[in-house]
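Worksheet: the structure to be examined is printed underneath.
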Amino acid sequence: MQTAEAPGSAETSEFDDVWVVIPVYNEGSVIADVVAGVLPTFRNVVCVDDGSRDDSAEQISRTAAHLVSHPVNLGQGAALQTGLEYALLQGGSEYFVTFDADGQHRVQDAAELVRAVRDGGADVALGSRFLGGTAHVPWLKRALLKTVAAVSPAARHLQLTDAHNGLRVLNRPAASQLKITMNGMAHASEIVDYLARSGLEVTEVPVTVLYTDYSKAKGQSLINGVNILFDLSLRSRRTP
Amino acid sequence: MIIQAILLVIAAVFLLLFIRNWYSVQTRALKRLAFLIFIALMVVAILRPNWVNSVAHKVGVGRGTDLVLYALAVAFVFVSVNTYFRLKTQESRFTELARVIAVRDATEMNAKRLGRPVVREALGREASAREVPAHEVPAHEIPAHEATVAETPVREARP
């Protein structure tokens, strides 16, 4: 509804048909800044507050971002799916960006990904930490992510270098087909898996991930990889 | 020993059910049949405890009690797996429900916070000190620093 602007109006910008989806869980201290960083480039932002126990929702409601609140905590995958469904309902939405709430992504990278989908003919663009220089990625994280990308059949099929990057852009057909069922952190692999089966055109774009102290402290622990692998192996085998 | 073969087969069947569809019609029928057989065996074991012992000897288990223990272990695994899948289904329904509620509430709330296009248009016609007609200014276009939207729901009041 919000984006039904008259084309050519003085206020329209290149990214009026883009919606940025930010899943938020207990990010009260940074979310307002992250949103403020995104809004000048992308005017359509929807933050999905995943039942945070801190003041995230209040922080978001002070910004000009749309706020969707899960009544209870459901997990990041569920929050992403909710945000995408909300954004799909908004008139004029064509491109959907998934963006992490901890400030680890750069807005100019998101814009680059949108251009890759809009002008590059791809349906989906995924951010990759490893296409450009990898110096900024901590070595243990680098080793783990490279391993995941190498052992995941779906990631290999798509020839991905980074299977777990939170920065993605999907066009409308790709976003409306996507049904994230893994509520927890396994959704990243689930999305890659879906893309590999879907036959959609997927491209990777080099991005820089800002490993701030905050995002490092919030990031997934390596041991959580065990949970992710368990969830995924069950799920993917049950769907023929 | 026969009991090893039996238990291995049971484990294999569980694994197969686990990774294939636990909820298919055949599986459900099988589960019910297995339950009936289990009850029948239970009744037999209660009425003729010595039969259990002789069956145990035949399949290579020392005592009837051990055989019952094995049966219990199998039943436990079955219940665990069944509960796991039931919880999964429950979780996905619950998620769907929460999502519908969240999106519905948000649509209403954000329309109030950020302004509905229709509302904007109506307001824009009567009063707009700006050069750009108010209906062309998206409500969420306001820079973040002055976007204390919650406090100023009336758009055209802005300077």
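From first to last, the protein sequence lines are chains A and B.
Using the working numbering, you'd call the opening residue of the first sequence number 1 and step up by one each time.
Using the working numbering, you'd call the opening residue of the second sequence number 1001 and step up by one each time.
All residues carry an ideal CB built from backbone N, CA and C; glycine is no exception.
- Within the same chain, 109, 127, 167 come within 6 Å of residue 207 of chain A by CB-CB distance, once the 5 residues on both sides are set aside.
- The C-beta of residue 71 of chain A comes closer than 7 Å to at least one C-beta of chain B.
- At a C-beta separation below 9 Å, residue 84 of chain A has no neighbours in chain B, since its nearest C-beta there lies roughly 10 Å away.
- Ranked by how close their Cα comes to the Cα of residue 202 of chain A, the residues A:60, A:117, A:105, A:28 have A:117 in first place.
- Taking a C-beta cut-off of 8 Å against chain B, the contacting residues of the stretch 170-189 of chain A are 181, 183, listed in chain order.
- About 7 Å separates the beta carbon of residue 1099 of chain B from that of residue 85 of chain A, a gap short enough to meet the 8 Å contact definition.
- Interface residue (Cβ-Cβ distance to chain A less than 7 Å): residue 1048 of chain B is not classified as such.
- In terms of CA proximity to residue 186 of chain A, A:75 leads the group A:26, A:94, A:75.
- Secondary structure note for residue 170 of chain A: its beta strand (DSSP E) is the uninterrupted segment 168-171.
- When Cβ pairs closer than 8 Å are counted between the two stretches, the stretch 1072-1088 of chain B is seen not to touch the stretch 27-41 of chain A, the count staying below three.
- Boundaries of the alpha helix (DSSP H) around residue 1059 of chain B: 1049-1059.
- Using a C-beta cut-off of 8 Å, the stretch 1006-1019 of chain B makes contact with the stretch 1070-1081 of chain B, since at least three inter-stretch Cβ pairs fall below that distance.
- Under the three-state reduction of DSSP output, residue 213 of chain A falls in the helix class.
- In chain order, 24, 31, 32, 35, 47, 49, 67 place their CB closer than 8 Å to the CB of residue 60 of chain A, counting only its own chain and leaving out the 5 sequence neighbours on each side.
- If you draw a straight line from the Cα of residue 83 of chain A to the Cα of residue 200 of chain A, it comes to about 21 Å.
- C-alpha of residue 1072 of chain B to C-alpha of residue 179 of chain A: approximately 39 Å in a straight line.
- Of the candidates A:151, A:171, A:154, A:99, the residue whose Cα lies closest to the Cα of residue 121 of chain A is A:171.
- Residue-level contact check: residue 78 of chain A touches chain B, since one or more beta carbons of chain B fall below 7 Å from its beta carbon.
- Every unbroken stretch of the beta strand (DSSP E) spanning 3 or more residues and falling wholly within the stretch 123-203 of chain A is given here in chain order: 124-128, 168-171.
- Using a CB distance cut-off of 7 Å, residue 1002 of chain B does not count as an interface residue toward chain A.
- Secondary structure at residue 49 of chain A: strand, using DSSP grouped into helix, strand and coil.
- Taking a C-beta distance under 7 Å as the contact criterion, residue 19 of chain A and residue 87 of chain A qualify as a contact pair.
- Here residue 177 of chain A is exposed: its Cβ has fewer than 16 other Cβ atoms, across all protein chains shown, within 10 Å.
- DSSP, read as helix, strand or coil, puts residue 1035 of chain B in helix.
- Linking residue 1001 of chain B to residue 1059 of chain B through their CA atoms gives a straight-line distance of about 7 Å.
- By the neighbour-count definition (other C-beta atoms within 10 Å, threshold 16), residue 182 of chain A is a buried residue.
- Beta-bridge annotation (DSSP): residue 44 of chain A is paired with A:19.
- Here the alpha carbons of residue 1108 of chain B and residue 16 of chain A stand approximately 22 Å from one another.
- Using beta-carbon distances, residue 1082 of chain B does not count as an interface residue toward chain A, since no partner is under 7 Å.
- Distance from the Cα of residue 107 of chain A is smallest, within the candidate group A:214, A:210, A:226, for A:210.
- Sorting A:214, A:191, A:21 by C-alpha distance to the C-alpha of residue 97 of chain A places A:21 at the top.
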